[in-house]
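Going down the list, the sequences are from chains A and B.
Here the numbering used here is used: the first residue of the first sequence is 78, the next is one more, and so on.
Here the numbering used here is used: the first residue of the second sequence is -16, the next is one more, and so on.
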Amino acid sequence: MPWTRWCGLTIFMSAALAAISVELRAQSLNEAAAKERERRREIGKAAPKITDQDLGGGRPSRGAAVVPPTVSTVAAPQVTAAEPAEEPERLSEEEERQDRLEAWRQMLEITRDEVKQFTAEVERLQASVNGVSGLYGSARAERIAQLEKAKQDLATSRRVLEELEDTGRRRGYR
Amino acid sequence: MTRMRKVVVTSLGAAAIGVLILTSVSAQAASPGWITSCNYTHSAPDDPIVFPGVAGAAHLHDFIGGKTTDAFSTLASMTAGGTACDMPDDRSGYWAPALYKDGMRVLPKATSKNALLYYRRGSMKAGVTIQTIPEGLKMIVGNHHAESPAENEGIAKGRISFKCGPGSGTNLPAPPAQCDSGVMVVMYMFPSCWDGARLDSADHKSHMAYPSSGNCPASHPVPIPRIEAFIRYLVGTQPIGAVTMSSGPYYSAHMDFWNIWKPAPLKLLVDNCINAGRDCGKNPPLTF
């Protein structure tokens, strides 16, 4: 067999093998997709139903400028509908990392602002309490209550800030 | 040429052909279409689809995309009003009810990309040609009158879901209790079969339908891109608490879309991304 024919035959065989492998891969993907659909259907059959009772009732308000009613949020099961969203939000790993970093920075900035605001508020109320004459006056009691509330808010914000900074350290955020 | 050299050349040639075949198959993306990112613009108790021309008649809505959307918006005003989308050809109006966390407003302003709009082929069968979205088409997903999750078909059928985000996260039929990422994402999936005649309908829904088994129903025979909106809310890393909406409990979730895309670029995207089987990525340039 001349070498050119040998070459041609080899190329043809290689291409055919590549095409077959792609087809097999597609088939296995199809099978996997079918299995996943079946799995989701099975989960759907067994899924608990959420009722109004579970959600704490509460009819929605209607019309303009509705004040949102308070509804308890239950620990939510996975979406188990007959026709689930087939394509959830997909971001590349890098996009997801960037977006989460951005969200972390946003939260850090907001929380730092809160800490500043509550610190200033605590200082203002403390000065006010110290300066109020009439040791047992109702105004003083009210301000002490406000001061205690502001201190609690400050403590919460500081705790959140610490958690965020800890998260940042663990994930290598800056 | 020595025999050894022939073998090497042959192998390289075959490998190149294999790579070409694989590449061409990969180009037939699993999710043909594109993504446009849009930002929150303003809030108002207006709804140009449900209450056109009546200011303050609706519950409070958060508007995304079109900068001037209000009760008096028209195709002309929307076209001229500018957009907060990163693709300047998308002047569409997207809006959803205002969201509250334990009674406190949370604006859809997490990260610099507040919302991602996925335009996809969706579950439509191979071989079905997707048509462009008619200019001025209006549609709604969800039910603001729902008095239970089951009454909101969007939630019951997984067309509206909640998750922690951005990105990967489990879709839930109710808001998550807590998000380590600090971001909660609400997803809305619009119908993608049009009746071919009406740009709107009395209930703002019946001119549209969802595909079934990869095809549009005979009553709504025109397949258009499936729009999935992912709206991001910065809810913090602490327990989220009770999530409600200006329309009522979380299960009153709904979203409106008014197509104000420039028609020619939209058609280009539909043809060159969706119908060409390509995932064109986020905010693709129109260089096809």
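Ideal Cβ positions, reconstructed from N, Cα and C, are used throughout, including at glycine.
field: Endpoints, beta strand (DSSP E) assigned at ILE210 of chain B
entry: For ILE210 of chain B, the enclosing beta strand (DSSP E) stretches over residues 209 to 217.
- prompt: How many Å lie between GLY141 of chain B and THR57 of chain B at the Cα?
  reply: Using only the alpha carbons, I get a separation of about 32 Å.
Boundaries (first-last residue) of the alpha helix (DSSP H) holding PHE195 of chain A: Taken as a continuous stretch (DSSP letters only), the alpha helix (DSSP H) holding PHE195 of chain A covers 170 to 208.
task: Mark SER229 of chain B as exposed unless 16 or more other C-beta atoms lie within 10 angstroms of its C-beta, in which case mark it buried.
output: Of the other Cβ atoms in all chains shown, 16 or more fall within 10 Å of the Cβ of SER229 of chain B; this residue is therefore buried.
query: To which residues of the same chain is THR205 of chain B closer than 8 Å at the C-beta, ignoring the five residues directly before and after it?
result: A quick correction: the sequence has Val, not Thr, at residue 205 of chain B. Residues of the same chain with a CB within less than 8 Å of the CB of VAL205 of chain B, apart from the 5 flanking positions on each side, are GLN114, CYS176, TRP177, ASP178, GLY179 and CYS199 in chain order.
- prompt: How about PHE46 of chain B and SER75 of chain B: are their beta carbons less than 8 Å apart?
  reply: No, these two residues do not count as a Cβ contact at 8 Å.
field: Three-state class that DSSP yields for GLY137 of chain B in the structure shown
entry: In the structure shown, GLY137 of chain B falls within a helical segment according to DSSP collapsed to helix, strand and coil.
query: If you check the beta carbons only, do VAL218 of chain B and GLY165 of chain B fall under 8 Å apart?
result: GLY165 of chain B sits close to VAL218 of chain B, with the two beta carbons spaced by under 8 Å.
- request: For PRO246 of chain B, go through chain C and note every residue whose CB falls closer than 7 Å to its CB, in chain order.
  value: Among the protein chains in the structure shown, which are A and B, there is no chain C.
task: Answer yes or no: does any C-beta atom of chain A fall closer than 8 Å to that of VAL111 of chain B?
output: By this cut-off, VAL111 of chain B is not an interface position.
query: Under 8 Å Cβ-Cβ, which residues of chain A neighbour PRO206 of chain B?
result: Below the 8 Å Cβ cutoff, chain A contributes no neighbours of PRO206 of chain B, its closest Cβ being approximately 15 Å away.
query: How close, in whole Å, do the beta carbons of PRO156 of chain B and PRO132 of chain B come, if the pair is a contact with beta carbons under 8 Å?
result: That belief holds up - the Cβ atoms of PRO156 of chain B and PRO132 of chain B are roughly 6 Å apart, short of 8 Å.
- prompt: For ASN97 of chain B versus ASN154 of chain B, is the C-beta distance shorter than 8 Å?
  reply: In this structure, ASN154 of chain B does not lie closer than 8 Å to ASN97 of chain B by Cβ.
- request: Would you mind sorting HIS128 of chain B into buried or exposed? The rule is 16 or more other CB atoms within 10 Å of its CB.
  value: Counting of Cβ neighbours within 10 angstroms places HIS128 of chain B among the exposed residues, the total staying below 16.
message: Excluding the 5 residues flanking LEU182 of chain B on each side, which residues of the same chain have their C-beta closer than 7 Å to its C-beta?
response: So the list reads PRO117, GLY119, LEU120 and LYS121, once near-sequence residues are dropped.
field: Partner residues on chain A for GLN221 of chain B, Cβ-Cβ distance less than 8 Å
entry: Correct list: VAL237.
- request: Would you check if the distance between the CB atom of GLY64 of chain B and the CB atom of GLU172 of chain A is smaller than 8 Å?
  value: Not closer than 8 Å, so no.
- prompt: Which residues of chain A have a Cβ atom closer than 8 Å to the Cβ of ALA93 of chain B, listed in chain order?
  reply: Listed along the chain, the chain A residues whose CB falls inside 8 Å of the CB of ALA93 of chain B are ALA180 and GLN183.
task: Say whether chain A places a C-beta atom closer than 8 Å to the C-beta of VAL89 of chain B.
output: The Cβ of VAL89 of chain B sits no closer than 8 Å to any Cβ of chain A.
task: Closer than 6 Å by C-beta to ASP85 of chain B: which residues in its own chain qualify, once you throw out the five before and the five after it? Chain order, please.
output: GLY224 and ALA225.
- request: Could you check the C-alpha separation between ASP72 of chain B and SER195 of chain B for me, to the nearest Å?
  value: Their Cα atoms are separated by approximately 31 Å.
message: Would you say SER175 of chain B lies against chain A (beta-carbon separation less than 8 Å)?
response: Residue contact with chain A for SER175 of chain B: absent (no Cβ-Cβ distance below 8 Å to any residue of chain A).
task: Return the chain-ordered list of same chain residues with a C-beta closer than 7 Å to the C-beta of PHE271 of chain B, the five sequence neighbours on each side being excluded.
output: Once the five neighbours on either side are set aside, the close Cβ partners of PHE271 of chain B are LEU251 and ASN255.
- prompt: Whose Cβ in chain A lies nearer than 7 Å to the Cβ of VAL166 of chain B?
  reply: Near VAL166 of chain B (Cβ distances below 7 Å), the residues of chain A are ALA180.
message: Below 8 Å on C-beta distance, what does ARG177 of chain A contact in chain B?
response: The answer, in chain order, is PRO149, GLY150, SER164 and VAL166.
- request: Put ALA160 of chain B into one of helix, strand or coil per three-state DSSP.
  value: Three-state result, ALA160 of chain B: coil.
- request: Output, in chain order, the set of chain A residues within a Cβ distance shorter than 7 Å of LEU99 of chain B.
  value: GLU166, listed in chain order.
field: Runs of beta strand (DSSP E) lying entirely within the stretch 7 to 56 of chain B, each at least 3 residues, in chain order
entry: Listed in chain order, the beta strand (DSSP E) elements of length 3 or more contained wholly in the stretch 7 to 56 of chain B are 16 to 21, 23 to 27 and 44 to 48.
message: Helix, strand or coil for MET172 of chain B? Go by DSSP, reduced to three states.
response: In the structure shown, MET172 of chain B falls within a strand segment according to DSSP collapsed to helix, strand and coil.
message: Let's test the definition: count the other Cβ atoms within 10 Å of the Cβ of LEU90 of chain B and tell me whether it reaches 16, buried, or not, exposed.
response: Around the Cβ of LEU90 of chain B, a 10 Å sphere holds fewer than 16 other Cβ atoms; the residue is exposed.
field: Where GLU160 of chain A sits in the DSSP three-state scheme
entry: With a pLDDT of 44 at GLU160 of chain A, under the threshold of 50, the modelled position of this residue cannot be trusted; read the value that follows with caution. Three-state result, GLU160 of chain A: coil.
Range covered by the alpha helix (DSSP H) that runs through PRO246 of chain B: DSSP places PRO246 of chain B in the uninterrupted alpha helix (DSSP H) bounded by 246 to 252.
task: Work out the CA separation of THR220 of chain B and TYR250 of chain A for me, nearest whole Å.
output: Spanning the two alpha carbons is a distance of roughly 16 Å.
- prompt: Under 8 Å between C-beta atoms, does PHE213 of chain B make it to chain A?
  reply: Judged by the 8 Å Cβ criterion, PHE213 of chain B is in contact with chain A.
query: According to DSSP, what are the bridge partners of THR227 of chain B?
result: Answer by DSSP bridge pairing, in chain order: B:TYR83 and B:PRO232.
task: Go ahead and label ASP186 of chain B buried or exposed: buried means 16 or more other beta carbons lie within 10 angstroms of its beta carbon, across all protein chains shown.
output: It counts as exposed.
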